[in-house]
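Protein chains in written order, with this note's numbering: chain A, 8 to 249; chain B, 8 to 249; chain C, 8 to 249; chain D, 8 to 249; chain E, 8 to 249; chain F, 8 to 249; chain G, 8 to 249; chain H, 8 to 249.
We put the CB at the ideal spot given by N, CA and C, even for glycine.
Predicted, not measured: the structure shown is a model, and the values here were computed from it.
Working notes for the structure below.
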């Protein structure tokens, strides 16, 4: 464009403390030191090339640790598979992981209400694992068939943190939250139709739960729930020590 | 006001077929014939004098049947108690009933989640009774303490229609609806705070319930639920005939 | 994915009481015993293969009863037609039915305001029939041409339950509800544009109806209305016995 | 306040063409010439003194024509009664009129659904009359008792413009609009509760009416409907000339 | 579908008074007698075949009058052009007209704020013409360049009814409404982005206009505005008679 | 009321496993066993008598543990002070505590953005303490004066769980969340005006935070945040053991 | 409260760089150095004592500069008048100013649409003056009477920054913004009713203005607009230098 | 269409003072004289032919000045490149510029939170440059990694106006606004998901910022922010003169 157009000016990639300028972004290369969490690339809104570039840069900076990419659409997943053959790319959770996983500490249990909530539950599970927790899952235990949940009730108390994923009216966290005192993060999903489309009903249901101590993340934000739950689990006292 | 102001022109109370003109309203005196339901006065937005006048007119037209008034504030209830000493006035449900109750047919069970939902549950119960059904109640069985609901589970299947009242996230109808096949009307209440204020969260939760066959009425509309449930109960086959 | 990724661990399909684990879901195989209703597969959010698999499993468990699938898109309907040639697949209501229909008990009348409301009305009709009721229909009787509704007025009182389907401003249930005392479920549809898009105007109109006893389901939820109405109809006293 | 504070500087009331500066406002004294309408004082948000001052100024400028004040609370009405004893002050419509009414031309029929809609209907009626139309009224003809409306159906076609006032679900304009081709303005009222509180349900219902040619004003805006309808009526061909 | 499926039962097209049953709809054939308006087919939500069929039926019933179809997508317009070669099909307004236009009576002036509002303005213009009014137009007179509007100010007072079409903030009706006393219908359009997407900002702006007497229709509802304005224009006194 | 009115029937207070029927409520007396949390009375929507009664019953059942009451208005606090002189009643957090506090385990740090957020922060702090955690606080560190937050930055990493309270745009959790990896619960408050009134802006800001791992509770829900954070803190590994 | 309750622990008022701890708040005493703006106390949500204390502290720290307090209710204004007799307290803008005003630099013109918008316009004017600009005002020039605005059109271009205040549909900024190229800040007010209540319609109108370069602040936020406009004015080139 | 259809009548392109009628639009050719701003073509909602035609006409009228087109989709950009080879067309900002750029006066600094906010930041930058300001940019300094922003803090105070672009929770303007007193315009972007989709969360966050003096434009409205900021910058005193 015009010579006076700043958007065309080449921006030098001068490395500075705590971030790397890769031309289209200033990658935060300092997160692990500040927070103990993994480096992460949010795929949404990025081109496949940008995703690959960011993964490559961050894993080169941190070859000893897993780097996670989330919300990868099909072209991005294909590009990662081609460019980074060692990456672990998953079509359900729409994630990619590059580098060695940390030793798991503590246990996060991911509980999902219905089949359609699966991708969000999977994103939460992968994220929690990459962030250092051990992960287990229970699926398809929606409140309309309470016997399915009660059959696995004993597993709730054995976890260090719970992630409960549900769409529609989002009632599952209220029921689970009444059965156990384990820290619980609720994830509303956008599964639903009519007034339930977009996940607003599930979100409001979880925010207004009558069960105490339930916290909530944004609609479909399995990633955020996974980070929070892993942070809890990895600093929890071992079971036999409690 | 001005002689040309139509709002001051006295409107003659000429009786016409199906309604009575009492000056400030054209009372629908024909409802029972059309629908089998009781005559009802909605107290909200009416002065105590208007409530008393409407009750008096309708009970004079239908001395053999109960006439119901709902949403009566304290002054209206006091005015009814003074003007119509035979009326049955209730401070919890904020209702008044004039005239003999019908013989109960079938059973409506009103289930409420919390103490604060009591007034709405009471309005539903009184309405269903006035509209011809027998009524029973179960209170304080919110989903955060599931054992309280499971302890009365057997009573659900014995009813001809269920009214389930809940505020907050409104999850109780989903759980009840998964336990029984009795026709169920859910009533969201305005109990809650923050994003739950006004009952929107409970309403959306009930509309998006994952349990099948749940129908919903407006927030705090115990009256509407009572009418619907009574219509179901009074035409249900007797238990021993089913 | 990673060996430590729980989403890849094969979950054994251990049968348990009340549900069947088919790998991607824990099918509720116990609904009929608990509620008397049919087993149902919600097609939305499922792949054609998942729909076929669920239908096959449930109809194998319940060969003597109809199994219903709803919200099937074109590929899912094609897959069902191919895999289950005995299935009754309908393009208007987007449903499939496998297995013998129950003997009809009582009558549900489905009333629709406009041509565009037809698919939702059809879903309600099929659902009510599968859930045990006889079904009749009246179409295109919107309130802007009141003479069309008044011409079929006598049919309203002959039903055991009414389902009234309307988009736009959703006024039809108010008018029908003022003409009869039969239990009435209103179904808002997403037909409309501008502020009416998505069905919110119709939903609010029905929730705030000035006619008593109207209950409402989610936008486009013909299925939910059909279940509720069938539950009413199949336990109603026969006409000659009332 | 501070000498440099502009809000304290006395602003000279220099008369200019088309408005009069009365210290707290620049009164539009030119409306009649531009639009043929009456001068109007919106009482909401004004002190009683400001209302009296504006009425006095405008009626002094236009002694030959009626000046209207709307949305007067009780203190404002009392102040007007004391200061302007010839004013016609009405407690239901919360209006005051000073000066001679115009000769009525054409007919506006104001139709109201329920008793509680009375104040808005009265404001519409007074406004239309002050703006030059003859006015008639029909009250309490809500759609839940259709026979009441059908009993006065013949009066609809005799008007030059219709104003239809309704709260709750706001269905009355749809039904009236299907019966006649007279220009119709719908006025939603804030009568309702739960999701109907504030008049949103009625507003959406009217905007999405399936009856053609219905136009809508803001919630409770009887004044705006009255101006529009009077403009139609006073330029309509006389009946015998049509 | 199943033999017991009511949606498959052939519904006989028994003609009845006031409507024609064409299989997929009960066409209101009586509108002209009741309201004086044209027969209209709303194309949205109908297949091309249904549009052609409805146009054919209504124009056969009313060969002496224009029949209007609106909101026709490209396939529907192509189908009408092929099946009804005498139809007047317009790509901007997305309408089709079959049959002779009425003699114009009175004048509707359609004023549009921007180029993008053109299709809605065109729908309003065609509708008003088909419904019996003469129509004139002024385009691209948005309030950000006030001189464009003031240059055509004299034309406002010469009309019998005004239709003012605007998207974005929808301010044009307020400015026009302050300049003239001609009855004015405002039409918000869905032109805009961010918080303006969908037309809500324009709709709210028009409903809350500080100019008196403005009435509003649904977003993009040029048709509704055209019907209302034509009803006003065709019963207006001729200019020389006023 | 009527003898057939169920709301008047005395309900016997038959003790059952897991709840106590005190006439107006079925108190959940089993929470500690199920969840390890304290028994709690939500004061909102209860009369002072009901609050006192519930506190008395629960503290009699659990004399060895603290019982908490929240959202107590002034009359309720006065009633508790009179009836239960040993209760610890606090006017800022609007809470009351009866019985001995547990030995604190781990540390919850409550961070508040502004003075007006104080009551919600206080409720969170009292709740966390009653639920078994040690509690510290930092106040008035809003993001518009970043130096105030950076001055206490070192205290963030020393906590086992963070509660970050903010109104207005709710940006504080994003900034805090970028500085530390400690599990963080964000609490939006209803402090604000215009579009910020009610706390919606703060809630949305927190749900959409670009900092990872932030979870959110309902507006003003200090109680919920306190329960969640205490559950984390009391099972966290001691610092020297990590 | 409890000895372990942190909310009761006396927090020492240790002065630190950039803020002063006054017990209930950490006052930002560094704003002038960072931003050049005045120190400000937001009165909303503070007790009269807190307002007086904050004003006293900040004016003691900055005796040479004006300190501003906004959104003072009547008790707060009375407390300030008593405690700080030199303060300039204004009832319309609900502000108080302590200390000498800065020399005005540049000119901010505050334009208001209606009488009811006066308090917000006054808050903007006082704020701009305290923040260093000269201030002028034009009132009551709403778009429904365009001649009032056009009469003062020449004053628009003479300002360095414009603040345009309007409620209802908020159209005034669009018209003003089309007449001049001076930087313009639009302030929506909460003046309105029905769908206009709360200022949402005005806010959306201003955000979607078709006039270029308009920026917007929160509803009723005269303070924010005043700060922004003063920042522009005080760095503007003098007129004769441009 | 019909000969009486006004939408087909050829409208003569009679030039008039201040606008040019090009058939499909009345181009405002007078903007520069009134406001000093560039002529602009909003590409959204226009065909490629309309964009080219408007650019051609305006640049012919103003050959000495740059003409800007915004929101050009790919076909429009291709059409401009073909028809106007001298145009400067940019794919990131989706803009085209025809004609010589003005000499830059003052400096606008555009600050963006994340990579995905780039296109909106680019539109703001190009617009500010075309409207006469010098422009600089800082990217990818979101609040979750505060060190990236603090590293460039000194550049904030060197600008005459700031444009701060952010999606998600939109917290960046609050943090920047607390660090500097330069006039700041915040631009929310539609980057986000769940409750953040569409930019509402970012918009509300910015409107409710606790940092003073922040003004806001519509979601994704980089153009509006660029015009406002350029107006500030080009009339700012030179640095050495301040």
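State the CB to CB distance for the pair residue i and residue j, rounded to an integer number of angstroms; the pair is presumed to be in contact (CB under 8 Å).
{"i": "residue 175 of chain H", "j": "residue 217 of chain F", "result": "5 Å"}
{"i": "residue 179 of chain F", "j": "residue 120 of chain F", "result": "5 Å"}
{"i": "residue 131 of chain F", "j": "residue 229 of chain F", "result": "4 Å"}
For residue i, is the classification buried or exposed, using 16 other Cβ atoms within 10 angstroms of its Cβ as the cut-off for buried?
{"i": "residue 88 of chain C", "result": "exposed"}
{"i": "residue 245 of chain E", "result": "exposed"}
{"i": "residue 46 of chain E", "result": "buried"}
{"i": "residue 110 of chain F", "result": "exposed"}
{"i": "residue 126 of chain B", "result": "buried"}
{"i": "residue 168 of chain F", "result": "buried"}
{"i": "residue 80 of chain E", "result": "exposed"}
{"i": "residue 160 of chain A", "result": "exposed"}
Taking the straight line between their C-alpha atoms, what separation do you get for residue i and residue j?
{"i": "residue 4 of chain F", "j": "residue 92 of chain F", "result": "Chain F is shown only over 8 to 249; residue 4 of chain F falls outside these bounds and no answer can be derived."}
{"i": "residue 240 of chain B", "j": "residue 195 of chain A", "result": "37 Å"}
{"i": "residue 225 of chain E", "j": "residue 41 of chain E", "result": "24 Å"}
{"i": "residue 99 of chain D", "j": "residue 231 of chain D", "result": "17 Å"}
{"i": "residue 38 of chain C", "j": "residue 153 of chain A", "result": "11 Å"}
{"i": "residue 60 of chain B", "j": "residue 165 of chain B", "result": "40 Å"}
Any idea what DSSP makes of residue i, helix, strand or coil?
{"i": "residue 238 of chain D", "result": "helix"}
{"i": "residue 233 of chain A", "result": "helix"}
{"i": "residue 140 of chain E", "result": "coil"}
May I ask which residues mark the beginning and end of the alpha helix (DSSP H) holding residue i?
{"i": "residue 60 of chain B", "result": "55-68"}
{"i": "residue 42 of chain C", "result": "38-42"}
{"i": "residue 164 of chain H", "result": "160-164"}
{"i": "residue 81 of chain B", "result": "81-90"}
Could you pull the start and end residues of the beta strand (DSSP E) that residue i belongs to?
{"i": "residue 1 of chain D", "result": "Outside the modelled stretch of chain D, which goes from 8 to 249, sits residue 1 of chain D, for which no answer is possible."}
{"i": "residue 126 of chain E", "result": "Per DSSP, residue 126 of chain E belongs to no beta strand (DSSP E); it is in the alpha helix (DSSP H), 125-137."}
{"i": "residue 195 of chain H", "result": "191-195"}
{"i": "residue 153 of chain E", "result": "Looking at the DSSP string, residue 153 of chain E is not in any beta strand (DSSP E); the run it does join, the alpha helix (DSSP H), is 153-157."}
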